[in-house]
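Engineer: Below is a structure I'd like to ask you about.
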Ligand SMILES: Nc1ncnc2c1ncn2[C@@H]1O[C@H](COP(=O)(O)OP(=O)(O)O)[C@@H](O)[C@H]1O
Ligand SMILES: [Mg+2]
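Numbering (our numbering), first residue to last: 1 to 260.
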């Protein structure tokens, strides 16, 4: 039995027959870093929302650790592109609120200490605790969102284009940060990371699944073993990486062309 099992899942937002996802099946093992790649509008966010338990499949089932997903749960942390911080709370209060749900028996002081530790782990200092989201840059807000997600320490992390709104330099820093946080855990989190950026997927993933156009299914899949993970500085000098890059772009384009 795989850790995450997606079996014949179809999904529609409407009551008519228009499916966004059709007959998707996917087995993921614990600790895998899976990137979901695909054109805008193909259903990546929808698929992630199903894994999060925020939507329910019209057909098929999703099991995580042998349990059927029927609602959102603290075993699955979610990080969205728009940071998901409540604007009326400070960054610290946002993180502590999430920690309270996960650790209801810990007192406020302990939770604040954990929040500060997590902020430091993502390269921010304690002063951020008292700042409101509107006083933070996009990169800082996303660091806070990552601190919150890792603070809850869920075995599964679902990330929907988390770095899509950031400039290239901040984005690269946060990609490295995410990989560092993920790889330092002895028991690695299982990550689903949605992106439309082929290079981002190649840098982060152990496994890349390309979703075709709606009603979408997985039209291409490849694995990148940990020891073959490309380095940022040399990724464009590596022939194997360039081949994979072309292969991914070809597959995305082939499906788009056939549907225009
Ligand atoms: N809440 C919604 N209600 C109706 N249709 C939606 C909703 N959210 C997304 N869709 C449609 O579902 C399809 C897939 O959307 P989405 O999962 O957001 O794609 P992606 O994340 O790959 O860009 C699109 O055609 C989109 O218009
Ligand atoms: Mg999306």
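The beta-carbon is built from N, C-alpha and C at its ideal position, and this holds for glycine as well.
1) Are the beta-carbon atoms of residue 39 and residue 252 separated by less than 8 Å?
2) My understanding is that residue 42 touches residue 94, with C-beta atoms under 8 Å, so please give their C-beta distance in whole angstroms.
3) Looking at C-beta atoms only, is the number of pairs between the region 145 to 161 and the region 179 to 191 that lie closer than 8 Å three or more?
4) Is any heavy atom of ligand 1 found at a distance shorter than 7 Å from the C-beta of residue 170?
5) Quick check: what's the CA-CA separation for residue 29 versus residue 237?
6) Return helix, strand or coil for residue 249, following the three-state DSSP convention.
7) Could you check where the beta strand (DSSP E) with residue 236 kicks off and where it finishes?
8) Determine the burial state of residue 101: buried for a count of at least 16 other Cβ atoms within 10 Å of its Cβ, exposed for fewer.
9) Please name the residue or residues paired with residue 10 in a DSSP beta bridge.
10) Quick one: what's got a C-beta closer than 7 Å to residue 54's C-beta in the same chain, skipping five residues either side?
11) Since residue 80 sits in a beta bridge, which residues does DSSP pair it with?
12) So, at 7 Å on beta carbons, what are the nonlocal neighbours of residue 50 in its own chain, with the 5 sequence-adjacent residues on each side left out?
13) As a quick exercise: from 175, 31, 44, 6, pick the residue whose alpha carbon is nearest that of residue 20.
14) Kindly confirm or deny that the region 82 to 93 and the region 134 to 150 touch, where touching means at least three C-beta pairs closer than 8 Å.
15) May I ask whether a heavy atom of ligand 2 can be found less than 7 Å away from the beta carbon of residue 160?
16) Which of the three DSSP states, helix, strand or coil, is assigned to residue 131?
17) Does the beta-carbon distance from residue 218 to residue 69 come in below 8 Å?
Structural biologist: If we stick to the structure as given:
1) Here the question's residue 39 lines up with position 39 in the chain shown. Here the question's residue 252 lines up with position 252 in the chain shown. Yes, they are a contact pair.
2) As a position in the chain shown, residue 42 is number 42, starting the count at 1. As a position in the chain shown, residue 94 is number 94, starting the count at 1. With a Cβ gap of about 31 Å, residue 42 and residue 94 do not count as contacting.
3) yes
4) By 1-based counting over the chain shown, the position of residue 170 is 170. No, since every heavy atom of ligand 1 falls outside the 7 Å radius drawn around the Cβ of residue 170.
5) Here residue 29 refers to the residue found at position 29 when the chain shown is read from its first residue. Here residue 237 refers to the residue found at position 237 when the chain shown is read from its first residue. Rounded to the nearest angstrom, the two C-alpha atoms are 31 Å apart.
6) Working through the chain shown from its first residue, we reach residue 249 at position 249. Three-state result, residue 249: helix.
7) Translated into the one-based positions of the chain shown, residue 236 becomes position 236. Segment: none, residue 236 is in no beta strand (DSSP E) and carries neither H nor E.
8) Numbered from 1 along the chain shown, position 101 holds the residue referred to as residue 101. Exposed, because fewer than 16 other Cβ atoms sit within 10 Å of the Cβ of residue 101.
9) Indexing the chain shown from 1 puts residue 10 at position 10. 59.
10) Working through the chain shown from its first residue, we reach residue 54 at position 54. For residue 54, where only same-chain residues beyond five positions count, the Cβ hits under 7 Å are 72.
11) What you label residue 80 is simply residue 80 of the chain shown in a count that begins at 1. BP columns for residue 80 point to 160.
12) Position 50 of the chain shown, counted from the first residue, corresponds to residue 50. So the qualifying residues of the chain are 9, 11, 57, 62.
13) On the chain shown, residue 20 is found 20 positions in, with the first residue counted as 1. The shortest Cα separation from residue 20 among 175, 31, 44, 6 belongs to 44.
14) yes
15) The residue labelled residue 160 in the question sits at position 160 within the chain shown. Yes, the Cβ of residue 160 comes within 7 Å of a heavy atom of ligand 2.
16) Along the chain shown, read from residue 1 onward, the residue named residue 131 stands at position 131. Correct three-state label for residue 131: coil.
17) Your numbering for residue 218 matches position 218 in the chain shown. Your numbering for residue 69 matches position 69 in the chain shown. No, Cβ-Cβ distance for residue 218 and residue 69 is not below 8 Å.
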